Amino acid sequence: MTHKKYNYSVIALLTTLMLFLYLSCNRDLVDPKLATFPTTSEVFIDGFSAGLNYSAFGGSNVSAFDVDTEVKYKGPAAMRFDVPDSDDTRGAYAAGVFHAEGGRDLSSYSALTFWAKATESVSIDEIGFGFTFEETKYATAIYELSVSTGWNKYVIPIADPSKLNAERGLLYYIDTPEDGKGYSFWLDEVKFEKLGTIAHPKPAISDGQDQVVQAETGDKITIDGLSSIFNLPNGADQRVELGSGYFTFLSSSTSVAMVDELGVVSVIDSGTAVVTAKLGALDASGSLTITSVGKPIQPLEPAPIPTISPDSVISMFSNVYTDVKVDTWNPFWEFSTAEVADVKIDNDDVKRYKKLNFVGILTESEKIDATEMTHFHIDIWTPDPTDPPAAFKVLLVDFGADGNFGGGDDASHELSFTSPTLATEAWVSIDVPLSNFAGLTNRSNLAQLVLSGDLKNVFVDNVYFYISGGDTGLTAPEMAAPTPKQDAADVISVFSDTYTNLEGTNLNPDWGQATVVTEVSIEDNNTLLYTGLNYQGIELAMSQDVSEMEFLHLDFWTANSTALNAFLISNGPVETAYALTVPTSGWTSLDISLSAFSPVDLADLIQFKFDGNGNIYFDNIYFHKGGGITSEPIDAAPNPDRNAANVISIFSDAYTNVEGTDFNPDWGQSTIVTTEDVAGNNTLKYANFNYQGTQLGSTQDVSSMEFMHIDMWTADATVVQVTPISIATGESLFSLTPIAAGQWNSYDIPLSAFTDAGVSMNDLHQLKFDGQTGTNPSNIYLDNIYFYKEGSVATEPTEPAPLPTQDAANVISIFSDAYTNVEGTDFNPDWGQSTMVTTEDIAGNNTLKYANFNYQGTQLGSTQDVSSMEFMHIDFWTADATMVQVTPISITTGESLFTLMPITAGQWNSYDIPLSAFTDAGVSMNDVHQLKFDGQTGTNPSNIYLDNIYFYTEGGGMITMPTEAAPTPSLDSADVISIFSDAYSNLPGTNLNPDWGQATAVSEVTINENNTLLYSGLDYQGIQLENNLDVSGLTHIHIDYWSANSTALNVFLISTGPVETAKALTVPTSGWVSLDIPLTDFTQVNLADLIQLKFDGNGDIYIDNIYFRK
Amino acid sequence: MKWNYKLLNKTILLSALLFTIWGCSDDDEIIERNWQIVWQDEFEGSAGQSIDESKWTFDIGRGPNEDGWGNAELQYYTDQTTNASLDGSGNLAITAKNESFAGSSYTSARIKTQGVFEHAFGRFEARIKLPWGSGIWPAFWLLGSDIESVGWPQCGEIDIMEYRGQEPNIVHGSLHGPGYSGESPITKSFGFENNRFDVDYHLFAVEWDEDYINYFVDDILYQQIRPEDVPGEWVYDHPFFIILNVAVGGNYVGFPNSGTSFPQTMLVDYVKVYQAVD
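Chains A and G, in that order, are what the protein sequence lines are.
Just so you know, we're using the numbering used here here: the first sequence kicks off at 1 and counts up by one.
Just so you know, we're using the numbering used here here: the second sequence kicks off at 1 and counts up by one.
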């Protein structure tokens, strides 16, 4: 189950739908039996089954699931899932788990089944069962399950039911929008079933392939591609993705690789092992061959920690420094065999190269200007022999002023290193003056570092350029920390010259730390210095309630710390860490939201703590609220919700941006442009911003757009202007106002602001932002820079309604090109309506249009008996209607309006209305002579299009057969007079098939060795007793009956006369129905003088245990 | 031999009877019948061996009009042993394959007893394990021997078993004759609620006499067709021959699709024909 990664953090939804029944716990002390779990099959039939809970996936739209009482397949309700649009700020996908509290024993079932439909033809990404947030080994799912607009039944087979004897995951789904657009789908009648109609399982691992992987000792390799094909009841092969728990795995050589019960292979030694699997007794196709080289040789210690001040370094790779952007550590150049992996040696990040012949390390997109630098540094470690002439080579390539490879201005030089510089199984620091790269005549556009030589296995760390002997030792700040600006009334201060600090605070409690704590004065400002930090506490004199505060403010400065955390501690102790970014370049001022320290009790704060390493200066440690302006946004910019089709985006995570855009062209600005991750959202940061250009990847015609959108955040800027730049007509600055500091500002600038100033919108190639009119650089954050137009909805369909799929034999059609319609129907009888009815040709398909629609009748050409149908189907399209109702009209029993829900404007909506919606309201279906549609409850006429109005049934005309015999009667034979039963002596001489001219075919069939009477194609059928029978001393007649397809069935008793009375039996049945009918129900029949029994009705009926009893 | 089901003896009472007037006669008993075998093939032989040519002949190609045997079927029928041969375990295997052959995308086989064995009345049965998947259309059926002189449907057609691979739990028994052929035969279906016809063998049979044809699955009578049930002429009074085939696609079953796996094989344990011994 590895094809998608989701955040499994759980958001449990407690809705009123979920009744948690906490039973009292007065149990007996010991239950000697093995715990068993209920075998309940229902998941969701007419509502949640008992003990079922719902949890949404983290990051998904938690309101995606609801119970729908309008649209449903059967019964009062169905499950509805609203898959959000991809830009939905509440979560851009729908995913959740329905889990049973105590687990269920599903071992007697063979499949999860349900009915489903959707607002349009879609595929559900993943749907199945056996999945909870805690346990996925029995996960079973169909990926990309296609669901159409009509109700259909779906079957997900259980690969091995015997495994599911305590399963909590009864249903789960994951679904993302298609092409960015959301939709809804419904599930109903969700249950586990034992189906005998699933066959031919074909299990597979590794997607059925014989895969080979190279490995080394210690590697863990998870066998994936676990699935089985099943042939479903419809004859189609269906691949079902499976968790590993269903399989048993086998390694051909357990001394090389072991495989656990979850299919995780642990490589133990060198050699070859083949892992195969079985699903139950079936061999799975596919295998995984592990070819292990044995133990890898790698450094035991990290590379030496660099000591050069960050101010003097341009780092490509180091945990100590902030690295510049490296495009790739392996561009897979032709003929290169190199493989690179990120590994950790003692928590230090290291690049591990294998099969190295040569490899490029590229900084082509943001070239390195190393003009100021004097040295190049790289640490390497190799397990390979380094005896001469083995060499390790370093090539630096500068692309020159043109910024491109070639062009006559490139410069490069390669240095080759051999023993004794090189050593085997030891860190080697190669640290050379850039002047040694004699051919590298300029280094302001360094684009490639190429490593090559004879060492096949090389671990690489600390790749950087630096200024030797320069300002390497800046170990203390030259300036004081910035003076805080908060109003003292809003502050609780621990350490600051600006405020009154809490009294009695111990800045150096003895907690056994190694840290040396001093206070130093910088520019006459008291500053706290931690030297050689391992950890350090600050103890408040008494517990403080800071729950009224919003932020913890810290100023800190460090040149050499590579790890630093701040902790708040409440009584308990309860502590939470917050990681600080180090080393700093100058003072870092931080306002940390106090919510970041949850679950620390802010009302009962007792201590601070810092841990990490290096020398750190602190100042202005205080809590504050209100007026606090953070120096950087904490929250992401608002997520745009415009339809992507109406957007041309330059910079936004929500849209596809214009490709190839350069956000930092060199126009001489002071601005430093970076892309920051703000709460998971890419945000453009302009630091030291005076002005800044953007070079679009291609010239854009935005003349069809209406607005330019910009989100901006700033703590200090007061004037910010923007302009798109046209190739032909230049620019015109527009001021973003108002600017609210410390929060996201959203601007929607009408493009007329630019076009009115003569800037054309059909040839934009650049954007420009201007800050403070070029003076006093500020810092701003930008996001969601895009052009857009307001969407509009079509007023008439361009596509035909979906083609119906029902078999014509099961349909009574009123209006559809797909079927023969009831003849002579008048689609526009004059009932006083305002509606104008026309038939429109929509893409070759006849479609009914109701314009100016208030209500509209249809007079059928003839009265229709649709009582054998199950559903009324309607396809419906509108741009403006929000409420449409429909009813068939019975001659005798009138009408009952049904509301078509939901309505999605601008697309075809398909409805399958169970006829029970009408019959439950008392409208009979055997004499339908009219239809009526009602719009907007008669007010505000709208325009709608209708198609495929028909009644249908899903039933075919087949006999199905019970799988079990009728229940065996238990009454004492002395109390029974039996006509037909294996359990009793039957009356002799009874004729089970007297020829009364009936069409019914009668046979006796054996079901589980039990004789059963089968009436096939019943019209009527008699049973002739040999002698007149007196049952007046008895009270009931018992009948067991079973029918999958009968819709009418009566049983008659007949006495001499003949006098007969009917009793209606409920059909069709689900399983055997055992009925004891009081003989008094057969009024007028002389119970002392019975001569015959009779059945009439239709369908195929199995009957057993016909007897009279008392 | 005896059978474990009971057959109804039908006597047409000339007078119109009220249901409730009962004239009990001996004719109304459920009776048992005895059968004597007249023809059979148990398909014994070694694996890969072709069919017994003293009992069967092949139909080859796409039909006399090159139109998929009148049904737009997709397969080309061959006499290759890859399409029809014994399986060595006492079964005939008719295999539909997804392979290009003579302009068709599928091959399969259709064998018949025409000109070799033709018979009127009695019991025709075959024990068969069916293939599966959308677009797979196997059949066990009879055609009137006078087809070449009177044509179809005048010759009559008795479909003992037809099956759509997308409904592996349902088989169909049909009768095609003049006035009720093609899309409007007399037909009925038999289905399992919780079983399929492609996981084990099942016995398909008709019992045919001058005034009725009874259809059975595993000796369950599920359809009786009598002369008064057909809207045209009752033409089942002369010898018929037997056909076994697996078609792919066509009007009756629809196209195979991505969910259909190939090859697909129909295994026939035996075909037997009996006449009644009274």
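Beta carbons are placed, not taken as given, at the ideal position from N, Cα and C, and that holds for glycine.
Because the structure is a prediction, the values reported are computed rather than measured.
Worksheet item: DSSP on phenylalanine 121/G, reduced to helix/strand/coil?
Response: By one-based count along the second sequence, residue 121/G stands at place 121. Here phenylalanine 121/G sits in coil by DSSP.
Discussion item. Give me the chain A residues within the contact set of leucine 267/G, using Cβ-Cβ distance strictly less than 8 angstroms, ordered along the chain.
Written reply: To locate residue 267/G, count along the second sequence from 1; it is residue 267. Within chain A, no residue comes near leucine 267/G; the closest Cβ sits about 14 angstroms away, beyond 8 angstroms.
Worksheet entry | Assigned exposure category for valine 38/G - 16 Cβ within 10 Å defines buried | On the second sequence, position 38 is the one that residue 38/G refers to. With fewer than 16 Cβ atoms within 10 Å of its Cβ, valine 38/G is classed as exposed.
Discussion item. How far does the alpha helix (DSSP H) with valine 308/G in it extend, from its first residue to its last?
Written reply: Past the edges of chain G, shown from 1 to 278, lies residue 308/G, and the structure says nothing about it.
Worksheet item: Whose Cβ in chain A lies nearer than 9 angstroms to the Cβ of phenylalanine 192/G?
Response: The count along the second sequence starts at 1 and reaches residue 192/G at position 192. Residues of chain A passing the Cβ test: Gly196, Thr197, Thr960, Met961, Thr963.
Worksheet item: Alpha carbon to alpha carbon, what distance is there between tyrosine 950/A and glutamate 799/A?
Response: Walking along the first sequence from the start, residue 799/A turns up at place 799. Walking along the first sequence from the start, residue 950/A turns up at place 950. Straight-line Cα distance between these residues: approximately 20 angstroms.
Worksheet entry | Length of the line joining the Cα atoms of threonine 136/A and glutamate 241/A | As a position in the first sequence, residue 136/A is number 136, starting the count at 1. As a position in the first sequence, residue 241/A is number 241, starting the count at 1. Approximately 12 angstroms, taken between the alpha carbons.
Fill in: Within-8 angstroms CB hit, glycine 259/G to chain A
For the purposes of this step, residue 259/G is taken as the residue at position 259 of the second sequence. True, the Cβ-Cβ gap to chain A drops below 8 angstroms.
Worksheet entry | Residues that DSSP places opposite asparagine 821/A in a beta bridge | Counting from 1 along the first sequence, the entry for residue 821/A is found at position 821. Paired residue(s): Ser813/A.
Worksheet item: What's the C-alpha gap between lysine 33/A and phenylalanine 192/A?
Response: In the first sequence, counting from the first residue as 1, residue 33/A sits at position 33. In the first sequence, counting from the first residue as 1, residue 192/A sits at position 192. Any answer about lysine 33/A is weak, because its pLDDT of 42 lies below 50 and its placement is not dependable; what the coordinates show is given next. Their backbone Cα atoms lie some 26 angstroms apart in a straight line.
Item to complete: Under 7 angstroms Cβ to Cβ from methionine 549/A, same chain only, skipping five residues before and after it: list those, please.
Response: If you number the first sequence from 1, residue 549/A lands on position 549. Excluding sequence neighbours, methionine 549/A sits near Ile492, Leu594, Phe623, His624, Lys625.
Discussion item. Using a Cβ-Cβ distance cut-off of 8 angstroms, determine whether asparagine 1050/A contacts chain G.
Written reply: The residue labelled residue 1050/A in the question sits at position 1050 within the first sequence. No, no contact with chain G.
Item to complete: Counting only runs of 3+ residues fully inside the segment 979-1019 of chain A, write out the beta strand (DSSP E) ranges in chain order.
Response: 1001-1007, 1010-1016
Discussion item. Counting only Cβ pairs nearer than 8 angstroms, list the residues of chain G close to alanine 808/A.
Written reply: Position 808 of the first sequence, counted from the start, is the residue given in the question as residue 808/A. The contacting residues do not exist; alanine 808/A stays about 11 angstroms from chain G at best.
Discussion item. At the 8 angstroms Cβ level, is aspartate 198/G part of the contact set with chain A, yes or no?
Written reply: Sequence index remark: in the second sequence, residue 198/G carries index 198 (1-based). It does: the Cβ of aspartate 198/G has a partner Cβ on chain A nearer than 8 angstroms.
Worksheet item: Given a limit of 8 angstroms on CB to CB distance, which residues of the segment 167-189 of chain G reach chain A?
Response: Glu167, Pro168, Asn169, Ile170, Lys188, Ser189
Worksheet item: Taking the alpha-carbon positions, what's the aspartate 604/A to tryptophan 713/A distance?
Response: Taking the first sequence and counting its residues from 1, one reaches residue 604/A at position 604. Taking the first sequence and counting its residues from 1, one reaches residue 713/A at position 713. About 34 angstroms.
Worksheet item: Going by Cα to Cα distance, which pick from Lys354/A, Trp333/A, Glu334/A, Ser365/A is closest to aspartate 327/A?
Response: Walking along the first sequence from the start, residue 327/A turns up at place 327. For the residues Lys354/A, Trp333/A, Glu334/A, Ser365/A, the minimum Cα distance to aspartate 327/A belongs to Ser365/A.
Worksheet item: Alpha carbon to alpha carbon, how far is phenylalanine 133/A from proline 203/A?
Response: For this step, residue 133/A is matched to residue 133 along the first sequence. For this step, residue 203/A is matched to residue 203 along the first sequence. When rounded, the distance between both Cα atoms is 25 angstroms.
Discussion item. Can you check whether the C-beta of aspartate 237/A is within less than 8 angstroms of a C-beta belonging to chain G?
Written reply: Here residue 237/A is taken as the residue at index 237 of the first sequence, counted from 1. Aspartate 237/A counts as touching chain G.
Worksheet item: Between glutamate 73/G and isoleucine 186/G, what straight-line distance do the alpha-carbon atoms span, to the nearest angstrom?
Response: Position 73 of the second sequence, counting from 1, holds the residue named residue 73/G. Position 186 of the second sequence, counting from 1, holds the residue named residue 186/G. Near 22 angstroms, if we compare the C-alpha coordinates of isoleucine 186/G and glutamate 73/G.
Practice prompt. Give every residue of the same chain whose Cβ lies closer than 7 angstroms to the Cβ of aspartate 146/G, excluding the five residues on either side of it in the sequence, and list them in chain order.
Written response: Along the second sequence, read from residue 1 onward, the residue named residue 146/G stands at position 146. Cβ within range, chain order: Cys155, His238.
Worksheet item: Out of curiosity, what's the CA-to-CA distance linking glutamine 833/A and aspartate 947/A?
Response: The sequence position of residue 833/A within the first sequence is 833, counting from 1. The sequence position of residue 947/A within the first sequence is 947, counting from 1. Between glutamine 833/A and aspartate 947/A, the C-alpha separation is close to 20 angstroms.
Discussion item. Please list the terminal residues of the continuous alpha helix (DSSP H) segment that includes alanine 917/A.
Written reply: The residue you call residue 917/A lines up with position 917 of the first sequence. Per DSSP, alanine 917/A belongs to the alpha helix (DSSP H) from 916-919.
Worksheet item: Which one of Ser63/A, Ala56/A, Gly75/A has the shortest CA to CA distance from glycine 47/A?
Response: Counting from 1 along the first sequence, the entry for residue 47/A is found at position 47. Here the closest residue by C-alpha is Gly75/A.
Discussion item. Can you confirm whether glycine 70/G, when its beta carbon is compared against all beta carbons of chain A, has any partner nearer than 8 angstroms?
Written reply: Locating residue 70/G in the second sequence gives position 70, counting from the first residue. For glycine 70/G, the answer is no, since every Cβ of chain A falls outside 8 angstroms of its Cβ.
Worksheet item: Which residues bound the alpha helix (DSSP H) around alanine 1120/A?
Response: Residue 1120/A falls outside the range modelled here, since chain A spans only 1 to 1110, and no answer is possible.
Discussion item. Does chain G have any CB closer than 8 angstroms to the CB of asparagine 1098/A?
Written reply: Against the first sequence, residue 1098/A aligns to sequence position 1098. Judged by the 8 angstroms Cβ criterion, asparagine 1098/A is not in contact with chain G.
Item to complete: Find the residues of chain G that neighbour alanine 401/A, judging by a C-beta separation of less than 9 angstroms, and give them in chain order.
Response: Working through the first sequence from its first residue, we reach residue 401/A at position 401. Residues of chain G passing the Cβ test: none, with the nearest at roughly 57 angstroms.
Item to complete: Please state whether DSSP places lysine 354/A in a helix, a strand or coil.
Response: Counted from its first residue, the first sequence places residue 354/A at position 354. Of the three classes helix, strand and coil, the one that applies to lysine 354/A here is strand, per DSSP.
Practice prompt. Can you tell me which of Trp587/A, Pro804/A, Ala881/A, Leu568/A puts its alpha carbon nearest to the alpha carbon of alanine 579/A?
Written response: Working through the first sequence from its first residue, we reach residue 579/A at position 579. Looking at the Cα atoms, Leu568/A is the closest of the given residues.
Item to complete: Quick one: grab the DSSP three-state call for alanine 636/A.
Response: Taking the first residue of the first sequence as 1, we reach residue 636/A at position 636. Of the three classes helix, strand and coil, the one that applies to alanine 636/A here is coil, per DSSP.
Fill in: Strand pairing of lysine 163/A, partner residues [DSSP]
The residue labelled residue 163/A in the question sits at position 163 within the first sequence. BP columns for lysine 163/A are empty, so no partner.
Fill in: Beta-carbon neighbours of serine 134/G, restricted to chain A and to distances below 8 angstroms
Translated into the one-based positions of the second sequence, residue 134/G becomes position 134. Near serine 134/G (Cβ distances below 8 angstroms), the residues of chain A are Asn234, Gly235, Ala236.
Worksheet item: Within 10 angstroms of its Cβ, does lysine 355/A collect 16 or more other Cβ (buried), or is it exposed?
Response: Along the first sequence, one-based indexing puts residue 355/A at 355. So lysine 355/A counts as exposed.
Worksheet item: At a CB-CB cut-off below 8 angstroms, which residues of chain G make contact with alanine 281/A?
Response: What you label residue 281/A is simply residue 281 of the first sequence in a count that begins at 1. Residues of chain G passing the Cβ test: none, with the nearest at roughly 16 angstroms.
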